[in-house]
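Here is the structure we will look at.
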Amino acid sequence: MSILDGSNILITGGTGSFGKKCAKTLLDQCKPNRLVILSRDEQKHVDMARNVLPPSEYPQVRYFVGDVRDRGRLSHALRGIDYVIHAAAMKHVDIAEYNPTECISTNIGGAENLINACIESNVKKLVALSTDKAAAPVNLYGATKLCSDKLFAAGNSLSGASGTRFCAVRYGNVIGSNGSVIPFFQNKRHEGVLPITSYDMTRFVITLEQGVDFVLKAFERMIGGEIFVPKIPSVSIGDIAAAVAPECETKEIGIRPGEKMHECMVPEDEARQTLEFDDHYIVQPSARSWCKEDPAYVAQGRQCEPGFSYSSDNNKHWLSVFELRDLIAKHCPDPNSVEVDSTQQKRKAA
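FYI, in our numbering the residues of the sequence shown are -7 to 342.
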């Protein structure tokens, strides 16, 4: 039994890869009374309604065209909503660097609009999707998501002791998500050479299903103000290339502007307020005026030692090339594999 069962739920950015998977999971597992999909992209609404959740089969789904930048539209969308999953964001590092004010308007201004609209609409809980790039950020995207995380934590103070509760989840790269390196490598296979930023670069990886499950669990775990961090495996970019296209040559091209060699999800400076559990960490808010007593999970967690950090290069859990290849085959199959295989056979025959 979940607190989400039979409730009214809204997903911002609901037509994206996460939103579609999350919506389907909610409908299958929680049977919401009403599920509102908020997105500013009209065509994605059409595609989702035709191919993923058709209204004839899912009459409880509402497709609501709107932008988190529009406070008034958010207020309309949130009428009668109990729980919110905030997935809307500008997420591409290079696009954000070139269009900084647009990224700020969506990721920071949109968060502020959503906080105020949730409080006014008496929403019970909101879980926001953050990113590993928000920890000790070096690019604008990460910096805006750090600001967003801080805004959602502070939103608990704005809403008071009995108002809306806000928290965030922070995880790494989703296998096969739009714009990620795996589809990029798959599309480059036919060229025979894969461009690699650095063979030593590492990243956290998580499947879409794991990400959705972790977000939904946060509704049960949260008191407000936390950042929930899953324990997930690391991979090197070189191993991703070997898993996707072992037949291809590779060419190192250097790190792009705004990139890190390794991503961090719990930086050293946050260790003092971080609790470790068997399968996740909780970064507690530095101030918690809305809840004077420690939540029950504090007694179950282990305080992280001073100097601790959770980074993709010091992770204890790594995927081998073979494990990674199995994950990719299951969660991100190559749409060009038949064509590529036949091309490779012709090359060998020649």
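Glycine included, every Cβ here is placed at the ideal spot set by N, Cα and C. Predicted model only: the values in this text are computed from it and were never measured.
Alpha helix (DSSP H) containing residue i: first to last residue?
{"i": "Tyr90", "result": "Val85 to Tyr90"}
{"i": "Phe176", "result": "Val173 to Lys180"}
{"i": "Gly207", "result": "Reading off the sequence, residue 207 comes out as Val, not Gly. Counting along the chain, the alpha helix (DSSP H) containing Val207 begins and ends at Leu200 to Arg213."}
{"i": "Arg157", "result": "Premise fails: Arg157 lies in the beta strand (DSSP E), Arg157 to Val161, not in any alpha helix (DSSP H)."}
{"i": "Tyr191", "result": "Note, Tyr191: premise wrong, no alpha helix (DSSP H); not H, not E."}
{"i": "Leu19", "result": "Ser9 to Gln21"}
{"i": "Phe300", "result": "Premise fails: Phe300 is in no alpha helix (DSSP H) and is neither H nor E."}
{"i": "Ala235", "result": "Ile229 to Val236"}
{"i": "Val313", "result": "Val313 to His323"}
{"i": "Thr136", "result": "Leu132 to Ser151"}
{"i": "Ile107", "result": "Gly102 to Glu112"}
In whole angstroms, give me the CA-to-CA distance for residue i and residue j.
{"i": "Arg248", "j": "Tyr133", "result": "14 Å"}
{"i": "Ala160", "j": "Ser228", "result": "26 Å"}
{"i": "Arg181", "j": "Pro225", "result": "25 Å"}
{"i": "His272", "j": "Ser31", "result": "30 Å"}
{"i": "Val332", "j": "Gly184", "result": "For Val332, the predicted model reports a pLDDT of 43, less than 50, meaning its position is unreliable and no value from the coordinates is stated."}
{"i": "Asn114", "j": "Ile215", "result": "16 Å"}
{"i": "Gly147", "j": "Ala128", "result": "22 Å"}
{"i": "Val119", "j": "Glu218", "result": "10 Å"}
{"i": "Ala153", "j": "Ser(-1)", "result": "22 Å"}
{"i": "Gly348", "j": "Ala210", "result": "A query on residue 348 cannot be resolved here, the shown segment of the chain reaching from -7 to 342 and no further."}
{"i": "Gly102", "j": "Arg61", "result": "5 Å"}
{"i": "Tyr163", "j": "Lys137", "result": "12 Å"}
{"i": "Lys116", "j": "Arg280", "result": "17 Å"}
{"i": "Tyr90", "j": "Phe196", "result": "25 Å"}
{"i": "Thr194", "j": "Ile188", "result": "12 Å"}
{"i": "Ala109", "j": "Thr93", "result": "22 Å"}
{"i": "Lys83", "j": "Pro222", "result": "20 Å"}
{"i": "Cys95", "j": "Ala135", "result": "10 Å"}
{"i": "Gly20", "j": "Ala41", "result": "At residue 20 the sequence reads Asp, which differs from the Gly that was named. Asp20 and Ala41: Cα-Cα distance of roughly 17 Å."}
{"i": "Glu268", "j": "Pro51", "result": "41 Å"}
{"i": "Thr123", "j": "Val204", "result": "14 Å"}
{"i": "Val44", "j": "Glu297", "result": "45 Å"}
{"i": "Ala341", "j": "Leu316", "result": "Residue placement at Ala341 cannot be trusted, given a pLDDT of 46 that sits under 50; what the coordinates show is reported in the next sentence. Near 29 Å, if we compare the C-alpha coordinates of Leu316 and Ala341."}
{"i": "Val76", "j": "Glu239", "result": "45 Å"}
{"i": "Ala348", "j": "Thr242", "result": "This structure gives no information on residue 348, because the portion of the chain shown stretches from -7 to 342."}
{"i": "Asp86", "j": "Ile3", "result": "25 Å"}
{"i": "Thr266", "j": "Gln295", "result": "6 Å"}
{"i": "His68", "j": "Glu112", "result": "11 Å"}
{"i": "Ala230", "j": "Gly5", "result": "Correcting the residue identity first, residue 230 is Gly in this sequence and not Ala. Going by the C-alpha atoms only, they are around 31 Å apart."}
{"i": "Lys322", "j": "Ser151", "result": "42 Å"}
{"i": "Ala234", "j": "Gln202", "result": "24 Å"}
{"i": "Ala15", "j": "Cys283", "result": "31 Å"}
{"i": "Lys36", "j": "Pro47", "result": "15 Å"}
When the distance is taken between beta carbons, is residue j closer than 8 Å to residue i?
{"i": "Ile198", "j": "Ile320", "result": "no"}
{"i": "Ile1", "j": "Leu27", "result": "yes"}
{"i": "Asn131", "j": "Gly250", "result": "yes"}
{"i": "Cys22", "j": "Ile174", "result": "no"}
{"i": "Asn25", "j": "Leu66", "result": "no"}
{"i": "Ile107", "j": "Phe158", "result": "yes"}
{"i": "Ala81", "j": "Asn99", "result": "yes"}
{"i": "Glu255", "j": "Ser304", "result": "yes"}
{"i": "Glu260", "j": "Ser312", "result": "no"}
{"i": "Phe220", "j": "Leu121", "result": "no"}
{"i": "Ser172", "j": "Leu200", "result": "no"}
{"i": "Thr17", "j": "Asp33", "result": "no"}
{"i": "Met253", "j": "Asp318", "result": "no"}
{"i": "Phe177", "j": "Val236", "result": "yes"}
For residue i, which beta-bridge partners are listed by DSSP?
{"i": "Gln295", "result": "Leu267"}
{"i": "His272", "result": "Pro222"}
{"i": "Thr242", "result": "Leu186"}
{"i": "Trp344", "result": "Any property of residue 344 remains undetermined from this structure, which presents the chain solely from -7 to 342."}
{"i": "Asn0", "result": "Arg26"}
{"i": "Asn165", "result": "Val197"}
{"i": "Ser31", "result": "Val57"}
What does the Cβ neighbour count give for residue i, buried or exposed, with the cut at 16 atoms within 10 Å?
{"i": "Pro327", "result": "exposed"}
{"i": "Met(-7)", "result": "exposed"}
{"i": "Ile73", "result": "buried"}
{"i": "Phe206", "result": "buried"}
{"i": "Ile245", "result": "exposed"}
{"i": "Gly64", "result": "exposed"}
{"i": "Val275", "result": "buried"}
{"i": "Ala88", "result": "buried"}
{"i": "Cys179", "result": "In the sequence as displayed, the identity of residue 179 is Asn instead of Cys. It is exposed - the Cβ of Asn179 has fewer than 16 other Cβ atoms within 10 Å."}
{"i": "Ala291", "result": "exposed"}
{"i": "Asp141", "result": "buried"}
{"i": "Lys12", "result": "buried"}
{"i": "Lys308", "result": "exposed"}
{"i": "Ala288", "result": "exposed"}
{"i": "Val38", "result": "exposed"}
Can you tell me where the beta strand (DSSP E) with residue i in it begins and where it stops?
{"i": "Phe56", "result": "Val53 to Val57"}
{"i": "Val258", "result": "Cys256 to Val258"}
{"i": "Tyr75", "result": "Tyr75 to His78"}
{"i": "Leu121", "result": "Lys117 to Leu121"}
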